[in-house]
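**Q**
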Amino acid sequence: MKMKNVVLVSSILLCSSVLASPEICGFDNIEGDIIEFTASDKSRETDTIQSQLPVYRYFSNDVVGERLLEKKIYVGRKAIFDFSNGFVKEKPRSGSDGYDATHVFTGYADNCEKIFAQIREQDFPQYFNQGNTLYPNEMDFLLEETTLGFIFHKSEKYNISEPDLDAGIFYVKPYLKYPVLFVDKHYQQTVTVLPYEKVNVTELQFIPFASGGIRSSDFRLKAVYKAKEGFLVGYRGALSNKDPLLGVRLKYRHAVTENKLMFGMNLDEVVLSLGFPDKTDVYDVYKTETGFNVDYDGDLAKHYSNNVGSINVITYDHIPYGLVIDMRGRFKRGKQVFGQSKFKGTLPFIIW
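The numbering used here applies: residue 82 is where the sequence shown begins, and numbers increase by one.
#1: What would DSSP say about residue 335, mapped onto helix, strand or coil?
#2: What is the residue span of the alpha helix (DSSP H) that residue 355 lies within?
#3: Classify residue 371 as helix, strand or coil using the three-state DSSP reduction.
#4: With DSSP as the reference, label residue 325 as helix, strand or coil.
#5: Among 277, 267 and 412, which one has its Cα closest to the Cα of residue 396?
#6: What distance in whole Å lies between the Cβ atoms of residue 116 and residue 159, which are believed to be in contact at a cut-off of 8 Å?
#7: Where does the unbroken alpha helix (DSSP H) through residue 155 begin, and where does it stop?
#8: For residue 206, name the three-state secondary structure that DSSP assigns.
#9: Would the stretch 135-153 and the stretch 208-217 be scored as touching if the rule is three or more Cβ pairs under 8 Å?
#10: Excluding sequence positions up to five away, which residues of its chain have a Cβ less than 6 Å from the Cβ of residue 321?
#11: Three-state secondary structure (DSSP) at residue 319?
#12: Quick check on residue 224: does DSSP put it in helix, strand or coil?
#13: Pick helix, strand or coil for residue 120, following the three-state DSSP scheme.
#14: Measure how close the beta-carbons of residue 284 and residue 248 come, nearest whole angstrom, since I'm counting them as under 8 Å.
#15: May I have the straight-line CA-CA distance separating residue 422 from residue 402, to the nearest angstrom?
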């Protein structure tokens, strides 16, 4: 939802723990956008009010704006606002002939209290200053959410009739395109969940996920990680209900978790350790008069018919040599470009 001049763009998003169900107060019958209060209420550089106040500076129980909402009561709660309807109140500016304007919007919290959003123009001059290039564009709540102390999500995305992900313990897969992020239930701290770590997923919610003002998924996973409640970015393909390390032989598990290689690893163990290679080449192997020979140039097939297997040469951008996986599917010291003793101790991706 966008509103000109007053203005607010209801963007997306999420946040925190549910202390009461929105349906209790008839949220499903109210037009508007659901917000979830976070613990964030940070001051701008030009704001003389100290950050992390015990109250939300932009939300009150009264229309005048004198009784601000206490964080200890509202953090984690939800409310619904219709930002298409509001009014502007003005008061004389002390020491001048001008006026200070505040845009007021009415909402309902999930404890059935009527509450008010008080958006002061002087706090957001980039949207209300006629000399600014943004004027009279929309105020972007996605950019302002940490200042305001809440995050938006669309009300129609709040309910899920049939979640398609079972709850339970999941493991983060290694070497994903995007990292798996976990944010605490108040959206204050975000950490990266490392490969092979466990998370306890309790619920799938079709509420967009964002962290640091960046939208990263159309849904979020309610989860417990290291005894903390919060949410995971809804990247379900990053999770496995089986420990990926169970397929790694005990001898090589330490190397895999350290992202190293040991001679004797099979291809699966190499990939689990280093990730998918940037390039893979397959070469046939023929038995000739001089023994087993790799057909790197494609010439041996013209002279020999006794193909005895193939090898894989896998290449990673950060390793200056191709890694040879032999006919038995093993990463062995022989046949490697760096297999000579002179390289010992100079290859940081090898555990000798």
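Where is the CB? At the ideal position from N, CA and C, for every residue including glycine. Here the structure is a predicted model, which means the values were calculated and not measured.
**A** Considering the structure as presented:
#1: As a first step, residue 335 must be located in the sequence shown, where it is residue number 254. In the three-state reduction of the DSSP assignment, residue 335 falls in the helix class, which pools H, G and I.
#2: Locating residue 355 in the sequence shown gives position 274, counting from the first residue. Boundaries of the alpha helix (DSSP H) around residue 355: 348-355.
#3: Residue numbering aside, residue 371 sits at position 290 when the sequence shown is read from its first letter. Reduced to three states, the DSSP call for residue 371 is coil.
#4: In the sequence shown, counting from the first residue as 1, residue 325 sits at position 244. In the structure shown, residue 325 sits in a helix (DSSP, three-state: H, G or I).
#5: As a working note, residue 396 is residue 315 in the sequence shown. Relative to the Cα of residue 396, the nearest Cα in the group 277, 267 and 412 belongs to 412.
#6: Indexing the sequence shown from 1 puts residue 159 at position 78. Indexing the sequence shown from 1 puts residue 116 at position 35. 7 Å between Cβ atoms; contact.
#7: Position 74 of the sequence shown, counted from the first residue, corresponds to residue 155. From DSSP, the alpha helix (DSSP H) with residue 155 extends over 152-155.
#8: Residue mapping note: residue 206 aligns to position 125 of the sequence shown, counting from 1. Here residue 206 sits in helix by DSSP.
#9: Here the stretch 135-153 makes no contact with the stretch 208-217; the two share fewer than three CB pairs at distances below 8 Å.
#10: The residue labelled residue 321 in the question sits at position 240 within the sequence shown. If we look at residue 321 and ignore the five residues flanking it on each side, its Cβ neighbours are 252 and 254.
#11: Residue numbering aside, residue 319 sits at position 238 when the sequence shown is read from its first letter. If DSSP states are grouped into helix, strand and coil, residue 319 belongs with the helices.
#12: In the sequence shown, residue 224 corresponds to position 143, counting from 1. Helix, per DSSP.
#13: The count along the sequence shown starts at 1 and reaches residue 120 at position 39. Per DSSP, reduced to three states, the secondary structure at residue 120 is coil, with no helix or strand assignment.
#14: Within the sequence shown, residue 284 is the residue found at index 203, counting from 1. Within the sequence shown, residue 248 is the residue found at index 167, counting from 1. Going by Cβ atoms, the distance from residue 284 to residue 248 rounds to 7 Å, so yes, they are a contact pair.
#15: Start at 1 with the first residue of the sequence shown, and residue 422 comes out as number 341. Start at 1 with the first residue of the sequence shown, and residue 402 comes out as number 321. Straight across, the Cα-Cα distance linking residue 422 with residue 402 is about 16 Å.
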